[in-house]
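Residue numbers (the working numbering): 288 to 529. Even glycine gets a Cβ: it sits at the ideal position worked out from N, Cα and C. Below you'll find the structure, written out as structure tokens, and then a few comments.
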């Protein structure tokens, strides 16, 4: 893993230099993916060149995100807490009215949250003359487990060539706090939401299926995971231009 970290850092520095940027903006949720993205960004640049932003929804506690920021060496003047619950409520209420519903689904609200967070990150990136660093791993990319024009709307992805289980290895090697590594993976898009609860399998099983290592895995479960990869292929394509 150390060699892979060194390669990511080296190539990351090449990208920033080639594109003419010296600063980065990273959205930090308190999960392992955003923690790894932040730790790598600090290694690629310097802690004072990185702005870490946490954007909690109503009732969400930024404690874990702040733990990650401190562990990565981000000083307080580069830590930004920007609650977005009120903004989400405005759009969600309007969406419910437009569709003649009292409330919208948790999925729709989660998509709104993901896209609003990227609005904040991109605006800050313009103000700081920075690149937006993404937080996607290969498991999420293949499964389509992300919001189009939301959490995938980044300038640079540092580990989207690595499966989720490999990202845990990166986290340990980089020194991400154990509390973050051991917590259930979640995008925190609604209360009680977890990645594995939504996907119906652990990342260990998912990654084995994605890599074609099917021995000992229930055939029906493997087929569901493979079907999801096929059905979400449209997310991995650029828009059609007529």
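{"Check": "Cβ atoms of residue 421 and residue 457: under 9 Å apart, would you say?", "Outcome": "no"}
{"Check": "Please classify residue 355 as buried or exposed, where buried requires at least 16 other C-beta atoms within 10 Å of its C-beta.", "Outcome": "buried"}
{"Check": "Determine the closest residue to residue 321 out of 508, 409, 473, with distance taken between C-alpha atoms.", "Outcome": "473"}
{"Check": "Starting from residue 418 and walking both ways along the beta strand (DSSP E), at which residues does that stretch end?", "Outcome": "418-420"}
{"Check": "Confirm, please, whether the CB-CB distance from residue 365 to residue 334 is below 9 Å.", "Outcome": "yes"}
{"Check": "DSSP puts residue 381 in a beta bridge; with which residues?", "Outcome": "Answer is none; residue 381 lacks a bridge partner."}
{"Check": "Pairs of beta-carbons, one from the region 422-439 and one from the region 396-404, closer than 8 Å: are there three or more?", "Outcome": "yes"}
{"Check": "Would you decide whether residue 526 is buried or exposed? Buried here means 16 or more other CB atoms lie within 10 Å of its CB.", "Outcome": "exposed"}
{"Check": "What is the DSSP secondary structure of residue 355, counted as helix, strand or coil?", "Outcome": "helix"}
{"Check": "Which residue marks the beginning of the alpha helix (DSSP H) containing residue 368, and which one marks its end?", "Outcome": "Segment 366-368 is the beta strand (DSSP E) holding residue 368; no alpha helix (DSSP H) there."}
{"Check": "Would you mind stating whether residue 418 and residue 339 have Cβ atoms separated by less than 9 Å?", "Outcome": "no"}
{"Check": "Taking contact to mean at least 3 C-beta pairs separated by less than 8 Å, is the region 374-389 in contact with the region 298-314?", "Outcome": "no"}
{"Check": "Going straight from the alpha carbon of residue 305 to that of residue 502, what length do you get?", "Outcome": "44 Å"}
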